[in-house]
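Just so you know, the sequence shown maps onto residues 1 to 369 in our numbering. Glycine included, every Cβ here is placed at the ideal spot set by N, Cα and C. It should be emphasised that the depicted structure is a prediction, and the values quoted were computed from it without experimental measurement. Presented below is the structure to which this report refers.
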Amino acid sequence: MSKLTRSVWAEVNLQDIAFNTQQFCRLIGRSQLMAVVKANAYGHGSLEIAHTVLANGASWLAVAIPEEGVRLRRAGIAAPILVLGAVGPEEVEICVAKDLAVTLYEPQIARILANVSRKLQKTAKVHIKVDTGMTRLGIPDGAAVEFIRNVTRLPGLEVQGVFTHFADAENPNQEYLQWQWQRFERVINALKREGIKIPCYHAANTAAAMFFPQSHLDMVRVGLGLYGMYPNGRRSIPLRPALSLKTRIAALKHVPAGTAVSYGCTYVTWRETSLAVLPIGYADGLSRKLSNKGHVLIAGQPCPIVGKVTMDHTIVDVGDLPVSVGDEVVLIGTSGHEQVTAQDWAGWMDTINYEVTCLISSRVERIYV
């Protein structure tokens, strides 16, 4: 039986992923690269991306939840993996069993890790997170040294690293970034004064890797940049966007002026024109925020989205372009001399570029080129 295929797909260029990985390896020099492949590698496909980044210089992988790490392990990936997000009491055992390093900041989880380590006769690996101003996960920096001291004394636990996360690293005004950095530096210096040896300190994300080199430390965590996207549109090194999103025209309608289009009749044609119906909607990741905003590319020409984006379909105005049912449509990517980027979508949606790619759902097949 032949495989069912749908005329909506995302093309992911693994050579571009390799190029971007190598760019960051050159940028950070002797620091290790932790490749962040959470959320299905920002919508690009975690298994394929993990293999590619590891083959091109990354030494660590990072995921958000244990389930993502387990999937990588089951695929045969043996590289070190850090779970960046919260790990609940019921998830500790699978992390230890699958050799996933846990982000630690709660005394309760530390005790559970020690108990599970004893039960499984297996070392529990942890990276202790210090909250220096993100106000999310992490032990407050003022309490960090005592907490780390206590964790290092627990049997069965291996503290592989201590890290923090910057809240505003993409901002050209680095005042808050500097403030967070100073707080983390104080923690590092205090630990060194006490003789507490930590194998790996890390703080930099993509933006800090690019614009705040003093934060590179022993390792940097890069997510966004690996996929060829820039934080807040700010560029410092050449990167290649790795993902294109495409579909084909499902239907064409020639309509007179005054024709209402899609739910709510929010768009009415102002001239006689042709409309192309695309078999992609918000269930695929084409946000309703793009209703009556932005454009797609057909035969190298921009065609505006008109009317409400629906769950499974979107309508674009193709004017008098000579198009046919089945013609390719580029939603993200290049057609002729024109390009639409995830950053363009982000502008139209009033969001960030990596939300755009993360929204691309499992209904959309990923094709690796």
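Backbone secondary structure at residue i - three-state DSSP
i	result
Cys200	coil
Val151	helix
Thr334	strand
Trp348	helix
Pro89	helix
Glu106	coil
Leu47	helix
Val309	coil
Arg221	strand
Ser244	strand
Gly161	strand
Ser236	coil
Tyr282	coil
Trp270	coil
Glu328	strand
Thr357	helix
Pro213	helix
Pro172	coil
Arg6	coil
Leu61	strand
Thr370	In the structure as shown, the chain begins at 1 and stops at 369. Residue 370 is therefore absent and cannot be evaluated.
Lys125	strand
Glu11	strand
Glu194	coil
Thr314	strand
Residue i versus residue j - alpha carbon distance
i	j	result
Gly195	Asn189	10 Å
Ser291	Asp284	14 Å
Met373	Leu27	Since the displayed the chain opens at 1 and closes at 369, residue 373 lies outside it and no answer follows.
Val306	Tyr354	24 Å
Trp348	Arg153	52 Å
Ile94	Ser362	25 Å
Met1	Ile49	Confidence at Met1 is low in this model, with a pLDDT of 42, below 50, so the placement of that residue is unreliable and no value is reported for it.
Asp168	Gln343	18 Å
Val364	Ile298	19 Å
Gln32	Ala58	7 Å
Val323	Thr206	41 Å
Cys303	Gly326	16 Å
Phe166	Val316	40 Å
Ser335	Gly233	21 Å
Ala264	Leu14	Per the sequence presented here, residue 264 reads as Gly, with Ala not at that position. When rounded, the distance between both Cα atoms is 41 Å.
Met219	Ala10	31 Å
Lys119	Val92	12 Å
Tyr282	Lys192	51 Å
Arg288	Tyr230	24 Å
Ile430	Pro172	The question about residue 430 has no answer, for the chain in this structure spans 1 to 369.
Ala209	Trp181	13 Å
Thr5	Tyr368	15 Å
Gly333	Phe212	30 Å
Arg74	Thr266	48 Å
Thr135	Ser7	43 Å
Leu286	His313	9 Å
Val268	Gly294	16 Å
Thr310	Glu175	43 Å
Rounded Cβ spacing between residue i and residue j (contact assumed at less than 8 Å)
i	j	result
Gly161	His216	Not quite, the Cβ-Cβ distance comes to about 14 Å (not below 8 Å), so this is no contact.
Arg407	Thr132	With the chain represented from 1 up to 369, any question about residue 407 goes unanswered, as that position is not in the structure.
Val151	Val159	6 Å
Val261	Val296	About 15 Å separates the two Cβ atoms, so there is no contact after all.
Tyr201	Phe147	Contact flag wrong, Cβ pair sits at about 16 Å.
Val187	Asp141	6 Å
Cβ shell of residue i (< 6 Å), same chain only, five flanking positions each side left out
i	result
Gly69	Val63, Ile81, Val83, Leu100
Ala124	Val96, Leu113, Ser117, Gly156, Leu157
Lys122	Val96
Ala251	Val277
Trp60	Met34, Pro80
Val37	Ser46, Ile49, Ala50, Leu61
His254	Ser274
Gly85	Ala64, Ile65
Lys98	Val70, Arg73
Gly43	Thr357, Cys358, Ile360
Asn56	Ala18, Thr21, Gln22
Residues of its chain near residue i, where Cβ-Cβ distance is below 8 Å and the 5 sequence neighbours each way are ignored
i	result
Asp16	Gly228, Arg240, Pro241, Ala242
Leu321	Ser274, Ile298, Ala299, Gln301, Cys303
Glu338	Leu297, Gly300, Gln301, Pro302
Cβ neighbours of residue i in the same chain (closer than 7 Å, five flanking residues each side left out)
i	result
Pro238	Gln23
Asn40	Ser46
Trp270	Ala257
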